[in-house]
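All remarks here apply to the structure that follows.
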Amino acid sequence: DDHDVFILQVAGRKRWSVYGMTRPHPLAGDGELCERPAHAPLWEETLEDGDLLYIPRGCWHVAAPLAEPTLHLTVGVHNRTGIDLLKWVAEKMRAREVFRKDLARFASREELGAHVSRLREELLSGWDAGLLERFFDDFDASAEPRAHAGLPWSATSDVLPPTRHALVRLIAPRPLRLKIEDGVVEFSALGKRWRLAEESLVVLRPLEERRTCSVAELYEAARGKLDEQVVRAFLRELILHGLVVIVDE
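All residue numbers for the sequence shown refer to this note's numbering, where the first residue is 1 and numbers rise by one.
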């Protein structure tokens, strides 16, 4: 596989054989470049109900049932690679005029060299020690949450149940990394840049820390700073913009 996997045996038994790598750190689409292992498996064992197996990225493996009903669950872990970084950098270069210009295919060698030098200068201008941090920040900010319908309330004009015991959940899959400056709270999530009044922190902080809160808990957190009607209106806006959802009590 081109990613790490965890195998959870759910029911029955299954015989697993795990081999080594023939192409370290394979990527999606590398199948034809990977030679099948010619050696014996490095590990062989039978998984039973509840057993968990970790297979590192690039390790060949074979699973065989044992003449009985069997079921396993596979969870894939896709980490970012240098290729992902280069794709991200290439997308950022769209903002640079020199990268949008046509390449002068039939120019002189001197002109081609000058153009390549300008491209290199623009590319390396942001290639510093903070590059990976910016990449992961951007990756986190654009991460998509699991789909959640929030029915039946999402299909009504009220959006938020009237009861104080209703539960709301922050669905941004990464930490919000709230920044406060000049009375404004800023953060990036769900592919958007959010700018809210600093007073909203009394609602955002509990949601960020606990992920799921009751409306009553948020009323209490905002006591003395925001009245209940304002908290309720704010939650309604967060629901409409997809940052929080209603969950079953």
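A virtual CB, placed ideally from N, CA and C, is assigned to each residue, including glycine.
What you are looking at is a predicted structure, and each value in this text was computed from that prediction instead of being measured.
Using only alpha-carbon positions, find the residue among Gly-20, Ala-28, Ala-221, Arg-23 that is nearest to Asp-252.
The chain is shown only over 1 to 249; residue 252 falls outside these bounds and no answer can be derived.
Contact set for Leu-226: own chain, Cβ-Cβ below 8 Å, skip 5 residues either direction:
Glu-199, Val-202, Val-203, Phe-234
Trp-16: buried (16+ other C-beta within 10 angstroms of its C-beta) or exposed?
buried
Alpha carbons only, please: which of Arg-169, Ile-180, Ala-67 is nearest the one belonging to Glu-208?
Arg-169
Sequence-distant residues of its chain with Cβ nearer than 6 Å to Pro-145 (five each side left out)
These residues qualify, in order along the chain: Ile-171, Pro-173.
Does the Cβ-Cβ distance between Ala-11 and Asp-49 come in under 8 Å?
The criterion of a C-beta distance shorter than 8 Å is satisfied by Ala-11 and Asp-49.
Looking only at its own chain, which residues have a Cβ that is under 8 Å from the Cβ of Val-77, when we skip the five neighbours before and after it?
His-3, Asp-4, Val-5, Phe-6
Compute the Euclidean distance between the alpha carbons of Gly-113 and Leu-243, then round it to the nearest angstrom.
Their Cα atoms are separated by approximately 49 Å.
Tell me whether Trp-194 is buried or exposed, calling it buried when 16 or more other Cβ atoms sit within 10 Å of its Cβ.
buried
What are the start and end residues of each continuous alpha helix (DSSP H) run of 4 or more residues lying completely inside the region 173 to 240, in chain order?
201 to 210, 215 to 221, 228 to 240, all fully within the region 173 to 240.
Reduced DSSP category for Leu-170 - H, G, I as helix; E, B as strand; rest coil:
strand
Taking Phe-6 as part of the beta strand (DSSP E), name the residues at either end of that continuous run.
4 to 11
For Leu-66, which three-state DSSP category applies?
coil
Starting from the Cα of Asp-182, find the closest Cα among Leu-196, Glu-35, Lys-14, Arg-105 and give me that residue.
Leu-196
Which ranges does the alpha helix (DSSP H) cover as unbroken runs of at least 4 residues, wholly within the region 100 to 137, from first to last along the chain?
109 to 124
Please state whether DSSP places Glu-32 in a helix, a strand or coil.
helix
Return helix, strand or coil for Leu-71, following the three-state DSSP convention.
strand
To the nearest angstrom, report how far apart Gly-82 and Cys-59 are at their CA atoms.
20 Å
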